[in-house]
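Worksheet: the structure to be examined is printed underneath.
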Amino acid sequence: MWNIKKVFLGVNLMCVFPVPCVTNPSCLFRSCPRPGQRLTITCQVSYSMSSYATQWIRQPAGKGLEWIGSKYTLASYYKDSLKSKFSIDLDASSKTVTLNGQNVQPGDTAVYYCARDPQ
């Protein structure tokens, strides 16, 4: 089962949790960036952050999915071409996973997905 929330904020943003056990997931958007500014998207999760990785993926309109990166408790992995633009932070106490982008441009307009690793 997919639980989806969609919000439009200058860039088209969406958080998706493809996890049946997650109930009432929510996405918290802290900023609506303009070109050259920072992007901050925070997803609140209900799963154990020490047990699962969180993935960030985006999909520009009319294009395929693009993996941005994944965050584990002690490790982060990013797509080579995006690692200087994006970073992912975890806050276990508030159970939030935040995608931070810098110097966003019109080409960064996309649907952004936050998803739990299935393992």
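Under mature numbering (1 follows the signal peptide of the UniProt record, and there is no 0), residues -23 to -1, 1 to 96 are what the sequence shown spells out, in order. Glycine included, every Cβ here is placed at the ideal spot set by N, Cα and C. Please read these numbers as outputs of a predicted model, since none were measured by experiment.
CB contact check: residue i to chain D, cutoff 8 Å
i, result
"threonine 31", "No chain D is present in this structure, which holds just one protein chain."
Extent of the continuous beta strand (DSSP E) to which residue i belongs
i, result
"threonine 31", "31 to 36"
"serine 47", "43 to 48"
"asparagine 80", "Segment: none, asparagine 80 is in no beta strand (DSSP E) and carries neither H nor E."
"valine 88", "88 to 93"
Cut-off 8 Å between Cβ atoms - residues of its own chain near residue i, not counting five sequence neighbours on either side
i, result
"threonine 50", "Met26, Ser27, Leu67, Ala69"
Distance between beta carbons of residue j and residue i, contact taken as under 8 Å
i, j, result
"proline 95", "proline 12", "Not a contact, Cβ separation roughly 35 Å."
"glycine 88", "glutamine 14", "With the sequence shown as reference, residue 88 is identified as valine, and glycine is not the correct amino acid for it. Not really, about 19 Å apart at Cβ, beyond 8 Å."
"lysine 56", "asparagine 80", "Actually they do not touch by this definition, with Cβ atoms about 16 Å apart."
"leucine 76", "isoleucine 18", "5 Å"
Outcome for residue i when other beta-carbon atoms lying within 10 angstroms are tallied against a minimum of 16
i, result
"cysteine -3", "Bear in mind that a pLDDT of 24 at cysteine -3, under 50, signals an unreliable position, so the model cannot answer this."
"leucine 16", "buried"
Same chain only: Cβ atoms within 6 Å of residue i, ignoring 5 sequence neighbours per side
i, result
"serine 47", "Ala30, Gln32, Tyr54"
Of the listed residues the options, nearest to residue i (C-alpha basis)
i, options, result
"arginine 60", "Lys72, Ser71, Glu43", "Here the sequence assigns lysine to residue 60, which means arginine is not the residue at that position. Minimum Cα distance to lysine 60 is reached at Glu43."
"threonine 86", "Lys40, Ser58, Ser71, Ser23", "Lys40"
Residues near residue i by beta carbon distance below 7 Å, same chain, minus five either side
i, result
"residue 104", "In the structure displayed, the chain extends from -23 to 96; residue 104 sits before or after that span and is not available."
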